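Structure first, commentary second.
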Amino acid sequence: MCIKCPTIAPRHEELITARCSLYMGRSKARLQRILENAILLEDMYRIAGIHYHSSQLSSRQPPEIAQKHLDHLQRLFETSRVEEYNAIFKELDEIVHAAAELSSRHCPDRVTSKQLVHHVFCVLKPTMIPLQARFEAFFDELDDYLARAYILFDVSRMNYESDAQGGRIAWQDISGPDSNPVPARKGEEWAKYRAWIWSLPETQRAVQIGRTVDAVALEMLYHEPDGFHGESESQQFSQPPSSTYSWSDLASDLDAILIDQ
Numbered sequence: 001m002c003i004k005c006p007t008i009a010p011r012h013e014e015l016i017t018a019r020c021s022l023y024m025g026r027s028k029a030r031l032q033r034i035l036e037n038a039i040l041l042e043d044m045y046r047i048a049g050i051h052y053h054s055s056q057l058s059s060r061q062p063p064e065i066a067q068k069h070l071d072h073l074q075r076l077f078e079t080s081r082v083e084e085y086n087a088i089f090k091e092l093d094e095i096v097h098a099a100a101e102l103s104s105r106h107c108p109d110r111v112t113s114k115q116l117v118h119h120v121f122c123v124l125k126p127t128m129i130p131l132q133a134r135f136e137a138f139f140d141e142l143d144d145y146l147a148r149a150y151i152l153f154d155v156s157r158m159n160y161e162s163d164a165q166g167g168r169i170a171w172q173d174i175s176g177p178d179s180n181p182v183p184a185r186k187g188e189e190w191a192k193y194r195a196w197i198w199s200l201p202e203t204q205r206a207v208q209i210g211r212t213v214d215a216v217a218l219e220m221l222y223h224e225p226d227g228f229h230g231e232s233e234s235q236q237f238s239q240p241p242s243s244t245y246s247w248s249d250l251a252s253d254l255d256a257i258l259i260d261q
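Going left to right, the sequence shown walks through residues 1 to 261 as full-length UniProt numbering numbers them.
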């Protein structure tokens, strides 16, 4: 207990304890969803990045895509250092750290009634809704730009796959990978893609154990099992289970019981 903990009337103690237990359980489930969806969001970023870099350079210009959107896509996907990647996901990292901290420290499996009231009223209720709103805002903003990478890929595939002589120049289309290996004709597009691959944390680790950046880049380009399905993965965004007794209703119920004392 602390000075911020509410005073519970004896006649309401059992009801408050039951409601707090339910609220903590719901909070823990929502925190787990945030952690799971954070991983999903970074995976979505990688797949969208492959689509972006598989578009032709000539398609990355107005009027195909508005310049302000192209500028943002460049900031997202034309990176060359892991520090740039970390800057993109700095907000998400802070959210994940906060969610993990709340889950581990304030959603224990075994707790006394007084501790339960403290965790719910002094920590979870003031922080859970703002934290979830913060995550959803980050997700929605990034997902909007990831969707534009798919649009750019589709435009490139339709209008920029062949040169003036009819020769195929795209790395990848709906029928599968280019039969002409990318490293055999390295150019500006490959250099930008390779630099982006190098900025990913997992590439840094792979190189430390002996893999080459080119090997990682080709594997992600041609062997990514979830790649090139032409649409954002946001429909896979994990949601907490629905209930006729909603999470916000539960919070309001707790407040109402205290007011009624």
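Just so it is clear, CB atoms sit at the ideal spot from N, CA and C, and this is done for glycine as well. Computed from a predicted model, the values in this text were never measured in an experiment.
Exercise. Quick one: is Q132 buried, meaning 16 or more other Cβ sit within 10 Å of its Cβ, or exposed?
Worked result: For this step, residue 132 is matched to residue 132 along the sequence shown. Result: buried.
Exercise. In three-state DSSP terms, what is I209?
Worked result: Counted from its first residue, the sequence shown places residue 209 at position 209. Of the three classes helix, strand and coil, the one that applies to I209 here is coil, per DSSP.
Exercise. Cβ atoms of S80 and W190: under 8 Å apart, would you say?
Worked result: Counted from its first residue, the sequence shown places residue 190 at position 190. Counted from its first residue, the sequence shown places residue 80 at position 80. W190 is not a Cβ neighbour of S80, given a cutoff of 8 Å.
Exercise. Below 8 Å, can you find three or more Cβ-Cβ pairs linking the segment 49-63 to the segment 120-128?
Worked result: At 8 Å Cβ cutoff, the stretches do not touch.
Problem set entry | Through-space distance from I16 to A215, alpha-carbon basis | For the purposes of this step, residue 215 is taken as residue 215 along the sequence shown, with counting starting at 1. For the purposes of this step, residue 16 is taken as residue 16 along the sequence shown, with counting starting at 1. Roughly 58 Å separates the two Cα atoms.
For this session: Round the Cβ separation of M128 and R30 to the nearest angstrom and send it over; I've been treating them as touching at under 8 Å.
Result: If you number the sequence shown from 1, residue 128 lands on position 128. If you number the sequence shown from 1, residue 30 lands on position 30. The pair is a contact, with the Cβ atoms about 7 Å apart (cut-off 8 Å).
For this session: Taking V111 as part of the alpha helix (DSSP H), name the residues at either end of that continuous run.
Result: Here residue 111 is taken as the residue at index 111 of the sequence shown, counted from 1. It is not in any alpha helix (DSSP H) - V111 carries neither H nor E in the DSSP assignment.
Problem set entry | Own chain, CB closer than 6 Å to L102, minus 5 neighbours either side, in chain order | Counted from its first residue, the sequence shown places residue 102 at position 102. L31, listed in sequence order.
Problem set entry | For F89, the three-state DSSP class (helix, strand or coil) | The residue labelled residue 89 in the question sits at position 89 within the sequence shown. Three-state DSSP puts F89 in coil, outside helix and strand.
For this session: Compute the Euclidean distance between the alpha carbons of P108 and M24, then round it to the nearest angstrom.
Result: Indexing the sequence shown from 1 puts residue 108 at position 108. Indexing the sequence shown from 1 puts residue 24 at position 24. Rounded to the nearest angstrom, the two C-alpha atoms are 9 Å apart.
Exercise. Given 8 Å as the limit, is there contact between the segment 143-162 and the segment 86-97, that is, 3 or more CB pairs closer than that?
Worked result: Judged by Cβ distances under 8 Å, the segment 143-162 makes no contact with the segment 86-97, as fewer than three pairs qualify.
Exercise. Three or more C-beta pairs closer than 8 Å, one from the segment 195-213 and one from the segment 62-74: is that the case here?
Worked result: Taking 8 Å as the limit for Cβ pairs, the verdict is that the segment 62-74 does not touch the segment 195-213.
For this session: Return the first residue and the last residue of the alpha helix (DSSP H) that Q67 is part of.
Result: Along the sequence shown, one-based indexing puts residue 67 at 67. Per DSSP, the unbroken alpha helix (DSSP H) holding Q67 starts and ends at 67-77.
Exercise. Can you list, in chain order, the residues of its chain whose CB lies under 6 Å from that of I65, leaving out five sequence neighbours each side?
Worked result: In the sequence shown, counting from the first residue as 1, residue 65 sits at position 65. So the list reads L152, once near-sequence residues are dropped.
For this session: Let me know the secondary structure DSSP gives P62 once reduced to three states.
Result: For this step, residue 62 is matched to residue 62 along the sequence shown. Of the three classes helix, strand and coil, the one that applies to P62 here is coil, per DSSP.
Exercise. Going along the chain, which residues of its own chain have a beta-carbon closer than 7 Å to the beta-carbon of S27, five neighbours each way excluded?
Worked result: Mapped onto the sequence shown, residue 27 falls at position 27. Around S27: C107, L124, M128.
Exercise. Nearest to A137 by CA position, among Q115, A99, E36, E91, is which residue?
Worked result: Taking the first residue of the sequence shown as 1, we reach residue 137 at position 137. Just measuring C-alpha positions, the residue of Q115, A99, E36, E91 sitting nearest A137 is E91.
Exercise. Secondary structure at S175, three-state DSSP: helix, strand or coil?
Worked result: In the sequence shown, residue 175 corresponds to position 175, counting from 1. Per-residue confidence for S175 stands at a pLDDT of 47, beneath the threshold of 50, marking its modelled position as unreliable; no derived number is given.
Problem set entry | Other residues of its chain near E13: CB distance less than 8 Å, five sequence neighbours each side excluded | Your numbering for residue 13 matches position 13 in the sequence shown. Result list for E13: S113, in chain order.
Problem set entry | Inter-residue spacing [alpha-carbon to alpha-carbon] between V155 and L41 | Taking the sequence shown and counting its residues from 1, one reaches residue 155 at position 155. Taking the sequence shown and counting its residues from 1, one reaches residue 41 at position 41. If you take the alpha carbons of V155 and L41, they lie about 24 Å apart.
Exercise. Straight-line CA distance for H53 to R134?
Worked result: On the sequence shown, residue 53 is found 53 positions in, with the first residue counted as 1. On the sequence shown, residue 134 is found 134 positions in, with the first residue counted as 1. Near 29 Å, if we compare the C-alpha coordinates of R134 and H53.
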